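Data block below; observations after.
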Amino acid sequence: MLNTVRASHYFSNTKTKDNFILQLQGPKILNAQAKFIILSSTGDTLRKEVMPASALLDERELEDPQAATVRDKEIAILKGMNNFFREDRFTQPAVPKTAAQPAEIDPQSWSAVKEDTKAVGFDYVTVGGKERRIAYAKKLQKAVIIAE
């Protein structure tokens, strides 16, 4: 284990906080795997996702992305880990009332989250710099993707 970042936040329950964990595993930071896990307060796995560590690299953190050394990139990845669970990445409600359903999102997941005004959304960047929002759909009893 190269690095672990943890945060507690309301997600699946409005009374108890869930545990958000981001682990970096591998021989070297640059080509490691980042494991993103959300555990409920009772220890149930709500989401588990694996992405390359490079997904955590924010090129805006690098002065000159073309000339960046391995060390520069490693530091930027570690900064990305530390910022992964920033407070401003959590939103409530997860889906604004006026939002239209994106074509690529499962209609059942979308409506389950949109109906729940207490649902909390979490925004993060995944493979290829894609932004994603997930939320816990109480009706479906699972974490679902609601925007990509």
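Every letter in the sequence shown is one number past the one before it in the UniProt record's numbering, and letter 78, counting from 1, is 78. Glycine residues also receive a C-beta, built at the ideal position from the N, C-alpha and C atoms. Owing to the predicted nature of the structure, the values given are computational and were not obtained by experimental measurement.
- Task: Quick one: residues in its chain with C-beta nearer than 8 Å to the C-beta of Leu30, no 5 flanking neighbours on either side, listed in chain order?
- Result: Ala53, Ser54, Val70, Lys73, Glu74, Ile77
- Decide yes or no for the touch test of the region 84-103 against the region 9-24: beta carbon pairs closer than 8 Å, at least 3 of them. yes
- Task: Assess, as a yes-or-no matter, whether the region 113-126 is touched by the region 3-21 under the definition of 3 or more beta carbon pairs within less than 8 Å.
- Result: yes
- Are Thr98 and Arg133 touching if we call contact CB-CB under 9 Å? no
- Task: Go ahead and label Lys139 buried or exposed: buried means 16 or more other beta carbons lie within 10 angstroms of its beta carbon, across all protein chains shown.
- Result: exposed
- Query: Given a threshold of 16 other Cβ atoms within 10 Å of its Cβ, counted over all protein chains shown, does Ser8 qualify as buried or as exposed?
  - Reply: exposed
- Item | Leu39, DSSP secondary structure in three states | strand
- Item | DSSP-derived helix/strand/coil call for Gln25 | strand
- Query: Excluding sequence positions up to five away, which residues of its chain have a Cβ less than 6 Å from the Cβ of Gly26?
  - Reply: Ala32, Gln33
- Query: Could you check where the beta strand (DSSP E) with Arg47 kicks off and where it finishes?
  - Reply: 45-52
- Cutoff 8 Å; reference Thr4; Cβ partners in own chain excluding five residues on either side: Ile21, Leu22, Gln23, Leu24
- Message: Suppose the cutoff is 6 Å on Cβ atoms and the five residues either side in sequence are ignored; what does the same chain contact list for Val127 look like?
- Response: Met51, Ala55
- Inspect the beta-carbon positions of Pro93 and Glu148 and report whether they are closer than 9 Å. no
- Item | Cβ shell of Ile105 (< 8 Å), same chain only, five flanking positions each side left out | Ile145, Ile146, Ala147, Glu148
- Task: Please classify Lys142: does DSSP put it in a helix, a strand, or coil?
- Result: strand
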